[in-house]
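Residues -25 to -1, 1 to 223 (mature numbering (1 follows the signal peptide of the UniProt record, and there is no 0)) make up the sequence shown, in order.
Below is one structure; the comments refer to it alone.
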Amino acid sequence: MKPSHFHHILSYIILTITLTPNITTLAIRFPNPISQVTGNPPDQFLKTAVFSLGSFWRAESVFGCLDGVVRTTVGYAGGSKSNPEYRSLGDHAESVQIEYDPRVINFRQLLEIFWSSHDSRQVFGQGPDVGNQYRSIIFINGTDESRLAASSKEREQTKSRSSIVTTQIQQLGTFYPAEPEHQKFELKRNPFLLQLIGNLAEEELEKSSLAAKLNGYAAELCPPRIQSRIDGKVNEIIRKGWPILRDV
């Protein structure tokens, strides 16, 4: 397999640290931000969206890198079992909860990412992951979201009549956060990036906007402009020695 751009960057970083004493087939469509807004708003101004689109490890990586997404949390939703766990989730689906700044990105744009990030026509699974827990769901909260979800599903179905879009649209009930080991899964597999942001405690890591973006970066699922922006920050750290990465 041809080495990825991220792997080239990482190899260069490792070499620099050693020599310095001080130291999928789906084409995801990324939306343009609504406006250039700096800084995250207070939590009461954030909106929340929940989607199921296969493995929640990948789903968190897809959404976490978007401009306007402030926090991501993987968990379980769509079922009737109380307090589900990874090994015993009952009829729930693996899901991702997205807290976002509506000044920068909106629900319609999140739906575009949802549809382009998985195969909504696959039955009983997603990619190599087989089972009801990987089913496709848009969770809605309110009339506007219901209308947007339904119209987006209709548009998706018109792209081909040879198969049926299996995505469900459900009213959001209780979202159960998954166990800590499943949060920011791709980032945790990359000790260098974890160290780069100061080895945050678990609770800080789960709530960190920077960690959400780096989780997508580690999975190579960021929009190209954000991937390049993070590459630039990493290269800057290489030049300066070993400061802590504060933002991207």
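Even glycine gets a Cβ: it sits at the ideal position worked out from N, Cα and C.
Note that the structure is a prediction, hence the values are computed from the model and not measured.
Please name the residue or residues paired with residue i in a DSSP beta bridge.
{"i": "Thr23", "result": "Glu74"}
{"i": "Phe38", "result": "Phe38 is not bridged to any residue."}
{"i": "Leu196", "result": "DSSP, once it has assigned bridges, lists no residue as partnering Leu196."}
{"i": "residue 269", "result": "The chain is shown from -25 up to 223; residue 269 falls before or after that span and cannot be answered."}
{"i": "Ser111", "result": "Leu28"}
{"i": "Gln146", "result": "Ile115"}
{"i": "Pro152", "result": "Gly50"}
{"i": "Gln101", "result": "Asp104"}
{"i": "Val209", "result": "Partner(s): none; Val209 has no beta bridge."}
{"i": "Ser63", "result": "Glu60"}
{"i": "Val44", "result": "Tyr75"}
With a CB to CB cut of under 8 Å and the five nearest residues on each side skipped, what residues in its chain are close to residue i?
{"i": "Asp104", "result": "Gly29, Ser30"}
{"i": "residue 225", "result": "Look at the range of the chain in this structure, -25 to 223, and you will see that residue 225 is not part of it."}
{"i": "Val98", "result": "Thr141"}
{"i": "Gly106", "result": "Phe99, Gly100"}
{"i": "Gln132", "result": "Ile139, Val140"}
Pick out whichever of the options has its Cα sitting closest to the Cα of residue i.
{"i": "Arg78", "options": "Ser55, Val44, Gln72, Gly53", "result": "Val44"}
{"i": "Pro16", "options": "Tyr75, Gly207, Leu220, Pro59", "result": "Tyr75"}
{"i": "Ser63", "options": "Tyr151, Leu21, Ala125", "result": "Tyr151"}
{"i": "Asn81", "options": "Val49, Leu21, Gly102, Glu35", "result": "Leu21"}
{"i": "Ser135", "options": "Phe89, Pro198, Asp94, Pro59", "result": "Asp94"}
{"i": "Ile201", "options": "Gly39, Ser126, Lys128", "result": "Gly39"}
{"i": "Glu35", "options": "Ser70, Pro59, Asn58", "result": "Ser70"}
{"i": "Asp18", "options": "Gly216, Lys182, Asn210, Val209", "result": "Lys182"}
Do residue j and residue i count as a contact pair if the criterion is CB distance below 9 Å?
{"i": "Gln72", "j": "Thr149", "result": "no"}
{"i": "Gln158", "j": "Leu180", "result": "yes"}
{"i": "Gln145", "j": "Ile115", "result": "yes"}
{"i": "Val140", "j": "Arg204", "result": "no"}
{"i": "Arg33", "j": "Ser184", "result": "no"}
Beta-carbon within less than 6 Å of residue i's beta-carbon, same chain only, minus the 5 sequence neighbours each way: which residues are those?
{"i": "Ala68", "result": "Ser27, Gly53, Gln108, Arg110, Ile112"}
{"i": "Gln143", "result": "Ile112"}
{"i": "Arg4", "result": "Here the model assigns Arg4 a pLDDT of 47, short of 50, so the residue's position is not dependable, and the following value carries that caveat. Excluding residues within five positions, the ones whose Cβ falls inside 6 Å are Glu87, Ser91."}
{"i": "Val37", "result": "Ser92, Leu196"}
{"i": "Thr48", "result": "Gln72, Pro152"}
{"i": "Ser138", "result": "Arg96"}
{"i": "Pro(-23)", "result": "Legend: pLDDT at Pro(-23) = 48, less than 50; position of this residue unreliable, no value from coordinates given."}
{"i": "Phe160", "result": "Trp32"}
I'd like the list of long-range same chain contacts for residue i, defined as Cβ closer than 7 Å, with 5 residues on each side in sequence excluded.
{"i": "Leu162", "result": "Leu168, Leu169, Ala186, Leu189, Asn190, Ala193"}
{"i": "Asp222", "result": "Leu185"}
{"i": "Asn58", "result": "Tyr151"}
{"i": "Pro199", "result": "none"}
{"i": "Phe89", "result": "Phe26, Leu28, Ile113"}
{"i": "Ala125", "result": "Ile144"}
Between residue i and residue j, how many whole angstroms is the CB-CB distance? I'm expecting something under 8 Å.
{"i": "Val25", "j": "Leu147", "result": "6 Å"}
{"i": "Lys56", "j": "Gly50", "result": "That belief does not hold up - the Cβ atoms of Lys56 and Gly50 are roughly 13 Å apart, past 8 Å."}
{"i": "residue 224", "j": "Leu171", "result": "No statement about residue 224 is possible, as the shown extent of the chain runs from -25 to 223 and does not include it."}
Please report whether the beta-carbon of residue i lies at a distance below 9 Å from any beta-carbon of chain E.
{"i": "Ile113", "result": "Here chain E cannot be found, since the structure has a single protein chain."}
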